[in-house]
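K.L.:
The structure under discussion is supplied below as structure tokens; questions concerning it will follow.
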Amino acid sequence: MLEATPLTEGWILRHGSDALPAVVPGCVHTDLLAAGVIPDPFLGRNEAEVAWVGRREWTYEREVRAAPPGHEQTDLVFDGLDTAAEIRLDGRLLGRVRNMHRSYRFPVTGLSGRLSVRFGSAYAEAEAVRAELGERPAAYAEPYQYLRKMACSFGWDWGPTLVTAGIWRPVRLEHWSTARIARVRPLVTVEDGRGVVELRVDVERNRVEAGLAVDARVGGVRARAEIDGTTGVVRLEVPDPEPWWPRGYGEQPLYEVELTLLHGDVPLDAWRRRVGFRTVELDTSADAHGTGFTLVVNGERLFARGVNWIPDDVFPSRITRERYRERLGQAAGAGVDLVRVWGGGIYESEDFYDACDELGLLVWQDFPFACAAYPEEQPLRGEVEAEARENVVRLMPHPSLVLWNGNNENLWGFRDWGWEPVLAGGSWGEGYYLGVLPRVVAELDPTRPYTAGSPWSGSWRHHPNDPAHGTHHSWEVWNREDYADYRLQVPRFVAEFGWQAPPAYATLRRALPGEELAVDSPGVLHHQKADDGNGKLERGLARHFAVPEGDFDRWHYLMQVNQARAVAAGIEHWRSHWPVCAGTVVWQLNDCWPVTSWAAVDGDGREKPLYHELRRLYADRLLTFQVRARGLVLVAVNQAAERWAGTLTLRRMSVEGDLIRETSMRFTAERRGVAEVRVPAELEPAGPKEFLVADAWGSPRSSGAESGGGLRALHFPAPDRDIPYPRPEFDVESAPGRITVTAHTLVRDLLLQADRLDPDARADHGLVTLLPGERVTIGVSGWETSDTAAARAALYCVEPTR
């Protein structure tokens with residue numbers, strides 16, 4: 029049987045005559061940081077102080093002993109090398125590599141001694157390719173498009189420039205005899221109620237004449253097939269399998285598949301994975317509104333409640349299985365059912381996909397191309413096809429994977445960002461997105477759909493970012509407009525949109541030790557990577573609030589409110605237009621370091637108010653006021669499997685808390701449907717001193733309204749800066765693990781910033797609006813005192829404009 033010897037211990041990192049202990053898997057920066065050679069690049073402005081690391085060569089070394097007896101062949105296997113490296117064993121050159129996204133295998137039978145992996149500077153490698161193939165335009169000045177490395181290593185508008193190198197995934201020796209399993213390609217489908225697993229097996233031999241077979245098992249079914257030369261196919265049919273569903277639609281049963289390679293009755297190698305039985309389609313048919321983009325799983329059409337995912341650490345080797353589960357658990361906890369793995373990062377790990385399989389999170393995986401014109405000449409073209417072939421097959425077993433996407437914004441960039449005249453006919457990646465990648469997916473994994481890019485309208489007949497066709501990225505609103513303008517369009521699928529806010533207060537305090545926090549303090553500005561980011565934040569805030577001058581705490585709170593309000597404006601509008609709009613994918617779930625960004629969960633893992641708002645926005649049932657051509661309507665969005673029928677209570681109120689008019693009416697929203705109720709004219713607010721409250725009661729009840737159950741929607745007819753709010757008055761009671769607030773006036777967007785009580789404290793609520801006489805109890809973990817004064821100091825809400 030094949031045996032593996034992990035090579036995790038005994039490594040050193042060498043630069044010139046200096047040698048340091050090294051951790052494998054790992055990277056240069058984390059080893060230098062552990063040795064105290066460099067400061068933490070996430071703190072202060074240290075990022076600039078460690079820029080030299082990416083310009084140097086680095087070598088990892090360790091001793092390798094001779095293989096134990098009993099096997100005919102030994103291979104050295106690297107699951108990931110970042111990025112341009114030369115590998116030698118006992119002075120013998122094994123190979124040169126230049127792709128972070130691939131694994132590598134070298135025969136080393138009979139060899140032992142010093143193993144050396146020398147990494148060249150990624151900058152030097154990229155610049156050499158650029159010099160040979162010519163300049164290509166990109167959204168950023170760094171040369172990330174000239175080599176197959178995680179693009180955001182070179183920085184992004186939310187990430188630091190920390191160009192690292194290293195053995196970033198596991199390395200081992202594999203010892204085997206006769207033959208080994210080289211590749212298993214599992215095609216998992218459902219046919220006539222039967223779960224079908226077709227395993228296409230490739231083997232590597234060192235005995236050509238040996239008779240080989242494979243034995244496979246799944247769900248109590250067993251089958252055997254002979255290997256013809258180096259390939260074989262074994263098919264298993266599971267009667268009446270339990271279907272795998274996205275979260276919120278059903279359960280996520282996973283079936284163990286075990287395949288064994290045999291020589292006679294002697295097992296030589298084994299392959300084990302979990303699969304789920306489900307069907308997936310992408311409906312891109314034309315209709316009266318344009319060209320759709322709707323995911324269909326097990327025959328059920330979905331409104332995708334999504335988030336964009338970036339690498340959770342700029343050094344991906346630090347992301348543990350537990351950290352993946354925590355972060356993806358946060359996504360599931362926010363009501364998310366789709367995670368888009370963005371194309372400036374990586375093909376995600378087995379740990380990531382295992383968690384998504386178990387949590388019922390659908391995964392849209394980009395191929396790693398983002399915001400640049402990519403050369404198609406060799407050697408890049410061969411690297412692209414090789415990495416695509418490997419990763420498509422590697423990720424095939426996972427039922428959570430439902431879509432392959434060719435790139436992020438490159439088709440759009442070619443058309444709109446001035447690339448076409450600059451390229452003057454030169455290659456830029458179109459041949460990958462419309463040629464190589466769809467061919468690879470169709471050949472290797474025909475069970476899943478492929479789309480050429482995001483955004484993409486389906487063909488060059490339409491603008492790549494046409495909201496009426498395919499996927500759409502909505503960035504004009506953040507860059508230039510007011511978030512109310514989200515309501516001006518109904519795209520078929522919103523694959524990116526978002527609004528910035530600073531990270532949690534405790535995250536800023538940790539990241540900027542000793543700094544007096546201010547909007548324009550050096551560290552705060554350094555941890556804002558977007559072009560004119562703070563300017564866009566303040567212009568976006570000024571449309572709704574008076575921008576506080578010289579009050580950082582107030583500025584920090586209002587920016588958090590504005591982020592949540594902006595995302596809510598988009599999602600509520602687009603969900604109300606289901607099925608024309610079939611999904612929203614918020615930019616973004618997570619951060620890779622402490623930074624002001626679009627994330628719902630900051631770089632220290634703390635949940636912003638946006639996170640809690642997503643829990644409301646992505647719940648199965650949502651109540652929202654929307655303006656239609658015929659006037660103000662109340663929309664009941666019902667993504668649940670059951671019909672939603674009940675009573676609506678509408679109240680027209682003054683900001684002083686007086687009830688002006690009230691009415692009740694019945695409503696019905698069918699399963700997976702949307703219902704609209706016209707707001708009577710006499711209930712519409714007469715001006716900025718009035719607002720509208722809707723509470724929906726139905727069976728089964730849905731939690732949400734702080735007044736005792738049901739769902740609530742609010743409509744204020746004017747920006748907050750024009751509303752004459754009363755000065756908020758409320759009582760605060762605290763006890764270990766909870767804080768209760770009772771309102772005596774209207775209290776708009778009350779927020780407990782639990783991390784101001786203790787950096788480890790977490791609140792179970794985000795923004796909440798209370799009417800006079802209402803109360804809310806906020807659960808607080810990680811804070812077991814009952815200091816009412818401290819609790820009150822950590823509470824913020826909207827205040828009247830001075």
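Residue numbers (this note's numbering): 29 to 830. The beta-carbon is built from N, C-alpha and C at its ideal position, and this holds for glycine as well. In this text the structure is predicted, and so the values were computed from the model without any measurement.
(1) When DSSP builds the beta bridges, which residues end up paired with H57?
(2) Three or more beta-carbon pairs under 8 Å between the stretch 189–200 and the stretch 398–407, yes or no?
(3) Out of curiosity, what's the CA-to-CA distance linking V212 and S377?
(4) According to DSSP, is H291 helix, strand or coil?
(5) Should the stretch 650–659 be called in touch with the stretch 737–744, which here means at least 3 C-beta pairs below 8 Å?
(6) CB L545 to CB L553, shorter than 8 Å?
(7) Give me, in chain order, the residues of the same chain whose beta-carbon lies closer than 7 Å to that of A210; leave out the 5 immediate sequence neighbours on both sides.
(8) Measuring CA to CA, which of A360, R93 and L408 is closest to H129?
(9) Drop a sphere of 10 angstroms on the beta-carbon of T675, count the other beta-carbons inside from all chains shown, and report buried for 16 or more, exposed for fewer.
(10) Let me check one thing: in DSSP terms, what residues is Y132 bridge-paired to?
(11) Where does T535 fall in DSSP's three states?
(12) Pull up the distance between the alpha-carbon of A818 and that of F331, whole angstroms please.
(13) For F525, name the three-state secondary structure that DSSP assigns.
(14) Are at least three pairs of beta-carbons, each pair with one atom in the stretch 518–533 and one in the stretch 583–591, less than 8 Å apart?
(15) Along the chain, where does the alpha helix (DSSP H) containing N438 start, and where does it finish?
(16) Locate the alpha helix (DSSP H) running through P466, then write down its first and last residues.
(17) Near P135, which residues of its chain fall below 6 Å by C-beta distance, leaving aside the five closest residues on each side in sequence?
(18) Quick check: S45 and G194, are their CB atoms within less than 8 Å of each other?
(19) Who does L678 pair with in a DSSP beta bridge?
(20) Along the chain, where does the beta strand (DSSP E) containing A241 start, and where does it finish?
(21) Could you check where the beta strand (DSSP E) with W902 kicks off and where it finishes?
(22) Buried or exposed for G38, please, with buried defined as at least 16 other CB atoms from any protein chain shown within 10 angstroms of its CB.
(23) Are the CB atoms of H491 and A524 within a distance shorter than 8 Å?
(24) Would you call the stretch 324–340 and the stretch 285–299 in contact, with 3 or more CB pairs under 8 Å?
(25) Which one of R351, L774, L390 and Y375 has the shortest CA to CA distance from R333?
(26) Under the three-state reduction of DSSP, which class applies to I599: helix, strand or coil?
(27) Between the Cα of N317 and the Cα atoms of A610, D630, V826 and A596, which residue gives the shortest distance?
(28) With a floor of 3 residues, list each beta strand (DSSP E) that falls wholly inside the stretch 176–209, ordered by position along the chain.
(29) Under 8 Å between the Cβ atoms of L423 and W392?
(30) So, for V262: in the same chain, excluding its five sequence neighbours on each side, which residues have a beta-carbon less than 6 Å away from its beta-carbon?
(31) With a 10 Å radius around its C-beta and 16 neighbouring C-beta atoms as the bar for buried, classify E237 as buried or exposed.
(32) Taking only the alpha-carbon atoms, compute the straight-line gap between E386 and R355 and give it to the nearest angstrom.
(33) By the three-class DSSP mapping on this structure, what secondary structure does S144 have?
(34) So, using beta-carbon positions, are G498 and N435 closer together than 8 Å?
(35) Buried or exposed, going by whether 16 or more other CB atoms sit within 10 Å of the CB of G486?
(36) Determine the DSSP secondary structure at E160, reduced to helix, strand or coil.
P.N.:
The answer reads as follows:
(1) To locate residue 57, count along the sequence shown from 1; it is residue 29. Paired residues: none, contrary to the question.
(2) Taking 8 Å as the limit for Cβ pairs, the verdict is that the stretch 398–407 does not touch the stretch 189–200.
(3) Your numbering for residue 212 matches position 184 in the sequence shown. Your numbering for residue 377 matches position 349 in the sequence shown. Approximately 17 Å, taken between the alpha carbons.
(4) Within the sequence shown, the letter at position 263 stands for residue 291. Reduced to three states, the DSSP call for H291 is strand.
(5) Touching, yes, given that three or more Cβ pairs across the two stretches are closer than 8 Å.
(6) Position 517 of the sequence shown, counted from the start, is the residue given in the question as residue 545. Position 525 of the sequence shown, counted from the start, is the residue given in the question as residue 553. Not a contact, by the Cβ cut-off of 8 Å.
(7) Here residue 210 refers to the residue found at position 182 when the sequence shown is read from its first residue. D230, V231 and E232.
(8) Here residue 129 is taken as the residue at index 101 of the sequence shown, counted from 1. Among A360, R93 and L408, the Cα nearest to that of H129 belongs to L408.
(9) For this step, residue 675 is matched to residue 647 along the sequence shown. Its Cβ having fewer than 16 others within 10 Å, T675 is exposed.
(10) Here residue 132 corresponds to residue number 104 of the sequence shown, with the count starting at 1. DSSP lists F106 as partners of Y132.
(11) Numbered from its first residue, the sequence shown carries residue 535 at position 507. Looking at T535 - three-state DSSP - the assignment turns out to be helix.
(12) Your numbering for residue 818 matches position 790 in the sequence shown. Your numbering for residue 331 matches position 303 in the sequence shown. In this structure, the CA atom of A818 is about 42 Å from the CA atom of F331.
(13) On the sequence shown, residue 525 is found 497 positions in, with the first residue counted as 1. The three-state secondary structure of F525, taken from DSSP, is strand.
(14) With a cut-off of 8 Å, the stretch 583–591 and the stretch 518–533 count as touching, because enough Cβ pairs lie within range.
(15) Looking up residue 438 in the sequence shown gives position 410. Under the DSSP assignment, N438 falls in the alpha helix (DSSP H) whose first and last residues are N438 to D444.
(16) Along the sequence shown, read from residue 1 onward, the residue named residue 466 stands at position 438. Counting along the chain, the unbroken alpha helix (DSSP H) around P466 starts and ends at L465 to L472.
(17) The residue labelled residue 135 in the question sits at position 107 within the sequence shown. Short of 6 Å from the beta carbon of P135, and not among the five residues preceding or following it, lie these beta carbons of its own chain, in chain order: D103.
(18) Locating residue 45 in the sequence shown gives position 17, counting from the first residue. Locating residue 194 in the sequence shown gives position 166, counting from the first residue. Cβ distance not < 8 Å, so S45 and G194 don't count as in contact.
(19) On the sequence shown, residue 678 is found 650 positions in, with the first residue counted as 1. Beta-bridge pairing links L678 to T691 and A722.
(20) Counted from its first residue, the sequence shown places residue 241 at position 213. For A241, the enclosing beta strand (DSSP E) starts and ends at A241 to V246.
(21) Absent from the structure is residue 902, since the part of the chain shown begins at 29 and ends at 830.
(22) Numbered from 1 along the sequence shown, position 10 holds the residue referred to as residue 38. Of the other Cβ atoms in all chains shown, fewer than 16 fall within 10 Å of the Cβ of G38; this residue is therefore exposed.
(23) In the sequence shown, residue 524 corresponds to position 496, counting from 1. In the sequence shown, residue 491 corresponds to position 463, counting from 1. Note that residue 524 is Glu in the sequence shown here, rather than Ala. No, they are not a contact pair.
(24) Verdict: no, contact absent.
(25) The count along the sequence shown starts at 1 and reaches residue 333 at position 305. Measuring from the Cα of R333, the nearest candidate turns out to be L390.
(26) Taking the first residue of the sequence shown as 1, we reach residue 599 at position 571. Residue state, collapsed to three classes: helix.
(27) Within the sequence shown, residue 317 is the residue found at index 289, counting from 1. Note on residue identity: the sequence assigns His, not Asn, to residue 317. With distances taken between Cα atoms, H317 lies closest to A610.
(28) Secondary structure within the stretch 176–209: the beta strand (DSSP E) runs of 3 or more consecutive residues, fully enclosed, are 182–184, 187–189 and 199–204 (chain order).
(29) Locating residue 423 in the sequence shown gives position 395, counting from the first residue. Locating residue 392 in the sequence shown gives position 364, counting from the first residue. For L423 and W392, no; Cβs fall outside 8 Å.
(30) Here residue 262 is taken as the residue at index 234 of the sequence shown, counted from 1. Within the same chain, V262 has close Cβ partners L227, V242, A244, A251 and A253.
(31) The residue labelled residue 237 in the question sits at position 209 within the sequence shown. By the neighbour-count rule (16 or more Cβ atoms within 10 Å), E237 is not buried but exposed.
(32) In the sequence shown, residue 386 corresponds to position 358, counting from 1. In the sequence shown, residue 355 corresponds to position 327, counting from 1. Distance between the alpha carbons of E386 and R355 is about 14 Å.
(33) Taking the first residue of the sequence shown as position 1, residue 144 is located at position 116. Three-state DSSP puts S144 in a strand.
(34) Within the sequence shown, numbered from 1, the residue matching residue 498 stands at position 470. Within the sequence shown, numbered from 1, the residue matching residue 435 stands at position 407. Against a cut-off of 8 Å, the Cβ pair of N435 and G498 comes out as no contact.
(35) As a first step, residue 486 must be located in the sequence shown, where it is residue number 458. Within a 10 Å sphere around the beta-carbon of G486 sit 16 or more other beta-carbons, which makes this residue buried.
(36) By 1-based counting over the sequence shown, the position of residue 160 is 132. Here E160 carries a helix assignment [DSSP, helix/strand/coil].
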